[in-house]
Structure formats: structure tokens, C-alpha cells
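Let me begin by presenting the structure, written as C-alpha cells, before commenting on it.
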Amino acid sequence: GAGVSQSPSNKVTEKGKDVELRCDPISGHTALYWYRQSLGQGLEFLIYFQGNSAPDKSGLPSDRFSAERTGGSVSTLTIQRTQQEDSAVYLCASSLGGLAGVYEQYFGPGTRLTVT
Amino acid sequence: AQSVAQPEDQVNVAEGNPLTVKCTYSVSGNPYLFWYVQYPNRGLQFLLKYITGDNLVKGSYGFEAEFNKSQTSFHLKKPSALVSDSALYFCAVRGVGSSNTGKLIFGQGTTLQVKP
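As they're listed, the protein sequences go chains D and V.
Residue numbers for the first sequence follow the numbering used here, beginning at 1 and rising by one.
Residue numbers for the second sequence follow the numbering used here, beginning at 1001 and rising by one.
Right under this line is the structure:
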């Protein structure tokens, strides 16, 4: 079946602009995660959605970052007033949900964000 | 706080030889451990996970990992390396306690280079 998809695959933006990154999870997966991969910081957790529960935003690096998940499916990560340090690959993952189980996460190909 | 360490930035092995990629973890309580592989310009692919039970876990592409509670390690192994195994490997632990949202905490990654 279809895996996790992300768009765009590449995004170049000017410092100070806002960007939106999109994630389409695997159908039926109730848990959705955003991570950031950069050379200096490795793979960092950003935010987690599970069903209708309040999201875990503990990994968002600043209030310029926000995310939403509409209808329990598609998610959008928004970065306002982008800075050069925001340049990274943003990875989305989804999994079967519920903390009682230990489910592997399936990752999308990522969006490479470059802030000039 | 939970953490994962991959002490080797790069592992070099000749094709046909056994390979080991090391991982140690620090977590309170019982750990849930994962290995992922990342090929160039691709997202992460799940290889295997340890939840409980048998300390030797078998996964995709002939990989296996050995959980050692006393040494807090979860080393990735393969009896006979292939050139196509060359990639970036990540060890991860799932957050526990107050961090138990299913988010993954990743090691810094180890580049595996298999030479013909």
C-alpha cells in the first residue's frame, strides 16, 4: 500500500518568510510524528498527534513552529519567520496508535528546507 | 532523561564479513528499542524492534540485534555484509514515563561502509 508522503520534497525560502510542509500518513494510522534531521543536531522529535488527544508539542524549538492535523489524517507543519538555523530535512512518520502497543513508525521521504 | 549513544561515526567492513553496529541506551524502566536504516536521500526504514522476551531479535534484510540489559546495549548485527547494506543506521529508544508519547529518541547515527 501507499506509504507516508510529504510535500514539497524540496523548499528554498528566504529568511523571514513563512513555510508550510505537508504530510499524508498511511491510511488507518492514528499516530503522526514530525522530526527534524540536521547535521548539527541529528534527528530531533518535534511534535506528536494521537487521535483526538492534545498533541505533544514538547519538541518544538520555538513558538515560530506550529503544526495541525486535520480530520485525523493530513498534517501541516508551519514555520513562521524562517531563520537560517531552520534549514534541515523535516521528516514525518505515522504508526498504529495507542500507547499500550509498541508500534514501529513509518517515515516519509522528508522535505528538505533551505533558508537563504 | 532517556538517551541513546552510537559510539562509532563510521563502521567499515568487507563484503561477506560479519558486521556489528553498536548502540547503548539510558532509560528508566524497561526499554523499547528500535533500529532504522536510511539510504541516501530517503526516509528512515524500520529494521527491527525489541519489546520484551528473547534477547535476540531478528529483522528485515537479514539483520538481527542483541539486547543486553546488564550492559544496556542493543547492538545491530549481520552475519555476512553486502555492499548494498552501506547506509546510515540509527538506533532509537521510545520515551518512557512522562515522555511516553511514543516519540523516538535517536542516536547520532552510524555510517556503515561495506567494501567489495
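The beta carbon of each residue, even a glycine, is placed where N, CA and C say it ideally should be.
Cβ neighbours of residue i in the same chain (closer than 8 Å, five flanking residues each side left out)
i: P96(D); result: The sequence given here places Leu at residue 96(D); Pro does not occur at that position. Around L96(D): G28, H29, T30, A31, Y103.
i: T1052(V); result: N1030
i: T13(D); result: V19, T82, L113, T114, V115, T116
Within 8 Å, strictly: CB atoms of residue i and residue j
i: S120(D); j: D24(D); result: Limits of chain D in this structure are 1 at one end and 116 at the other, which puts residue 120(D) out of reach.
i: K1078(V); j: F1063(V); result: yes
i: G71(D); j: G51(D); result: no
i: S62(D); j: E68(D); result: no
i: K11(D); j: T111(D); result: yes
i: Y106(D); j: G3(D); result: yes
i: G108(D); j: G1102(V); result: no
Residues near residue i in its chain [Cβ-Cβ closer than 7 Å; skip 5 each side]
i: Y1089(V); result: V1021, W1035, V1037, L1076, G1109, T1110, L1112
i: E1015(V); result: A1081, L1082, V1083, V1114, K1115, P1116
i: I1105(V); result: Q1002, S1003, V1004, A1092, V1093, G1095
i: L1056(V); result: E1064, E1066
i: S1026(V); result: Q1002, S1003, T1072
i: S1086(V); result: L1112, Q1113, V1114
Residues of its chain near residue i, where Cβ-Cβ distance is below 6 Å and the 5 sequence neighbours each way are ignored
i: R36(D); result: E44, L46, A88, Y90
i: S1060(V); result: L1047
i: F65(D); result: I79
i: F49(D); result: L32, P55, R69
Residue i - partner residues in DSSP beta bridges
i: C92(D); result: W34(D)
i: E104(D); result: According to DSSP, E104(D) bridges with nothing at all.
i: F1106(V); result: A1092(V)
i: I1051(V); result: Per DSSP, none; premise fails for I1051(V).
i: N1012(V); result: Q1113(V)
Segment contact flag, the stretch 14–24 of chain D with the stretch 1001–1015 of chain V, C-beta cutoff 8 Å, min 3 pairs: no
Start-end ranges of the alpha helix (DSSP H) lying completely within the stretch 12–73 of chain D, minimum 4 residues: none
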